[in-house]
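Letter by letter, the sequence shown follows residues 237 to 605 in the working numbering. Using N, Cα and C, we set each Cβ at its ideal position, and we do this for glycine too. All values reported here derive from a predicted model rather than from experimental measurement. Notes follow once the structure below has been shown.
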Amino acid sequence: MNILIIALCMVSQITEKQEELDQLKTKLTTVRQEITSLEKQKVGTLAHIEKIDEGINLTIQYIDELTAQESREKSRVVELEKEIARLESNMKLKKGDMRTRMVRLYKWKPFYKMNVLFSSKSLPQILSSSYYLQLLAKNDQRALFDFEQDWKRYIADKKIRNDLINTLERRKDEKEDELARLNDERRKKKQILNQVAKQENKKRALEKELKSAQRKLEDLIVSLERQREKARSGTNYLEANRGKLTWPCHGSVITNFGKVIHPKYNTTTRNNGIDISTSYGDNVYAVAPGKVVYADRFMGYGNMVLVDHLDGYYSLYGHLAEMLVNTGDEIGAGRIVGRVGESGSLSGPILHFELRKDGKPVDPMAYLD
Numbered sequence: 237m238n239i240l241i242i243a244l245c246m247v248s249q250i251t252e253k254q255e256e257l258d259q260l261k262t263k264l265t266t267v268r269q270e271i272t273s274l275e276k277q278k279v280g281t282l283a284h285i286e287k288i289d290e291g292i293n294l295t296i297q298y299i300d301e302l303t304a305q306e307s308r309e310k311s312r313v314v315e316l317e318k319e320i321a322r323l324e325s326n327m328k329l330k331k332g333d334m335r336t337r338m339v340r341l342y343k344w345k346p347f348y349k350m351n352v353l354f355s356s357k358s359l360p361q362i363l364s365s366s367y368y369l370q371l372l373a374k375n376d377q378r379a380l381f382d383f384e385q386d387w388k389r390y391i392a393d394k395k396i397r398n399d400l401i402n403t404l405e406r407r408k409d410e411k412e413d414e415l416a417r418l419n420d421e422r423r424k425k426k427q428i429l430n431q432v433a434k435q436e437n438k439k440r441a442l443e444k445e446l447k448s449a450q451r452k453l454e455d456l457i458v459s460l461e462r463q464r465e466k467a468r469s470g471t472n473y474l475e476a477n478r479g480k481l482t483w484p485c486h487g488s489v490i491t492n493f494g495k496v497i498h499p500k501y502n503t504t505t506r507n508n509g510i511d512i513s514t515s516y517g518d519n520v521y522a523v524a525p526g527k528v529v530y531a532d533r534f535m536g537y538g539n540m541v542l543v544d545h546l547d548g549y550y551s552l553y554g555h556l557a558e559m560l561v562n563t564g565d566e567i568g569a570g571r572i573v574g575r576v577g578e579s580g581s582l583s584g585p586i587l588h589f590e591l592r593k594d595g596k597p598v599d600p601m602a603y604l605d
């Protein structure tokens with residue numbers, strides 16, 4: 237019974253995760269259609285890159301989910317193999333027992349009534365023999381029924397196992413296709429950025445788009461400040477720990493706070509934070525306790541998390557591969573808010589990190605340890 241319950245739970249989990257996988261696949265298909273549509277339109281470089289990045293992130297997520305589902309299905313195949321082997325062993329033993337029972341029934345059944353009728357035994361002995369013979373017949377029936385149930389389960393388990401093996405083959409092919417698509421999407425992004433680097437008019441257009449994205453972010457923070465209660469919290473955590481804050485991720489700073497001329501695109505912008513070069517998928521940590529007020533895609537920043545630390549202080553984490561918090565979450569210092577990625581990034585996997593005071597950017601290096 238326990239084996240059956242475990243098997244049912246595993247099947248239920250696989251089915252549930254397959255539904256989630258199908259939903260992700262639908263979303264990925266929609267984004268890819270949008271990318272194709274954008275390629276036919278005259279849209280800005282940043283908007284185009286943003287959509288490609290969204291496709292890249294979804295593709296990576298889809299491949300990860302495919303791998304996880306594949307692992308679950310392999311575990312299920314192993315469990316089925318064990319159950320099939322157990323049933324085969326049981327049926328082999330029962331088959332021998334059934335053969336003995338069938339021989340006994342063959343010998344007894346035709347002469348059963350006559351043996352009882354002409355028996356020299358007393359009536360109580362005859363009745364007793366009759367009772368035990370009926371009991372044996374019932375046991376034979378039960379044994380036949382048990383064998384039949386094992387056989388049905390054996391056939392069903394073998395079919396499920398074979399179906400799963402076929403699914404795993406298709407899963408392997410799909411993963412290979414998705415990895416090829418991922419490489420194509422990254423190559424497409426690189427080609428677009430290379431074209432920008434070669435064409436002066438596209439450089440200037442990209443510069444305007446980046447500045448526009450910064451203004452929109454400033455508008456968002458101003459809007460959040462208006463909604464925020466103005467009550468002061470006393471000594472603010474960021475001020476109290478100025479120069480001692482834990483870094484949001486491991487890595488090295490490749491772009492400092494202030495005016496920046498991009499070495500490849502020759503665009504001049506103001507960096508309102510710092511850019512930290514690190515490995516794709518590394519954890520990103522909140523530098524202080526607070527409330528998540530934004531966790532979504534944002535033009536120019538990719539997947540972005542914005543945390544309100546009270547008294548007008550905010551921390552921002554951009555270009556994430558994935559966000560692991562939701563808008564409205566209350567979080568502590570050191571909480572993992574996401575993972576390093578390249579969404580919206582023009583420089584590969586980086587973390588864009590900002591600190592804001594009353595909506596205005598301040599140099600994070602003055603606060604970090």
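Would you give the residue range spanned by the beta strand (DSSP E) that residue i belongs to?
i, result
"E475", "Unbroken run through E475 is the alpha helix (DSSP H), 473-476; no beta strand (DSSP E)."
"V576", "572-576"
"T563", "T563 -> no beta strand (DSSP E), and no H or E assigned at all."
"V523", "Looking at the DSSP string, V523 is not in any beta strand (DSSP E), and its letter there is neither H nor E."
"F493", "Taken as a continuous stretch (DSSP letters only), F493 belongs to no beta strand (DSSP E), as it is neither H nor E."
"S513", "510-513"
"L587", "586-593"
When you compare each of the options to residue i by their alpha carbons, which one comes out closest?
i, options, result
"E410", "A476, K328, G584, I296", "I296"
"I271", "D258, T251, L294", "L294"
"G479", "T281, T251, E301, M601", "M601"
"L282", "Q431, G568, D420, N326", "Q431"
"G487", "D518, S459, L460", "D518"
"T505", "E405, D511, G494, I512", "G494"
"E475", "L260, K593, I299, T262", "K593"
"D532", "G570, G574, R322, V520", "G574"
"N562", "T482, K261, L542", "L542"
"L460", "R312, G509, A416, Y549", "Y549"
"F589", "W387, W483, Y298", "W483"
"I490", "D511, E256, V496, E454", "D511"
"I572", "M559, Y521, G564", "Y521"
"R322", "W387, A449, Q450", "W387"
"S448", "L404, K318, M535, K261", "M535"
"T514", "M540, C485, V496, Y530", "C485"
Within the same chain, show all residues whose beta-carbon is closer than 8 Å to that of residue i, passing over the 5 residues directly before and after it, in chain order.
i, result
"I285", "K425, I428, L429, G580, L582"
"I320", "Y390, D393, K394, R397"
"E578", "D289, I292, Y516, G538, H555, A557, G584, P585, I586"
"N477", "A524, Y603"
"V458", "G595"
"P597", "F493, N508, G509, E590, L591"
"L274", "A283, H284, K287"
Let me know the secondary structure DSSP gives residue i once reduced to three states.
i, result
"G538", "strand"
"P600", "helix"
"S307", "helix"
"D544", "strand"
"A232", "Past the boundaries of the shown model lies residue 232; the chain is included only from 237 to 605, so the question cannot be answered."
"K253", "helix"
"Y516", "coil"
"L429", "helix"
"A569", "coil"
"D605", "coil"
"L400", "helix"
"S325", "helix"
"R453", "Per the sequence presented here, residue 453 reads as Leu, with Arg not at that position. Three-state DSSP puts L453 in a helix."
"L582", "coil"
"T482", "coil"
Note down, in chain order, each residue of its chain lying with its Cβ closer than 7 Å to the Cβ of residue i, except the 5 sequence neighbours on either side.
i, result
"S358", "Interpretation of S358 is limited by its pLDDT of 49, a score under 50 that renders its predicted location unreliable; no figure is taken from the coordinates."
"E566", "K527"
"G280", "A441, E445"
"L316", "D393, I396, R397"
For residue i, does the count of other Cβ atoms within 10 angstroms reach 16, so buried, or fall short, so exposed?
i, result
"D544", "buried"
"L329", "exposed"
"F347", "Because F347 carries a pLDDT of 46, less than 50, the predicted location of this residue cannot be relied on, and the following value inherits that uncertainty. So F347 counts as exposed."
"E421", "buried"
"R406", "exposed"
"N402", "exposed"
"D399", "exposed"
"E324", "exposed"
"V314", "exposed"
"R312", "buried"
"E309", "buried"
What residues in its chain sit with their C-beta under 6 Å from that of residue i, if we drop five residues either side in the sequence?
i, result
"T303", "none"
"S551", "V523, V543, L591"
"K253", "Q305"
"M559", "A531, N539, V541, G574"
For residue i, would you say it is in contact with chain D, using Cβ-to-Cβ distances shorter than 8 Å as the test?
i, result
"Y521", "Protein chains in the displayed structure number just one, and chain D is not present."
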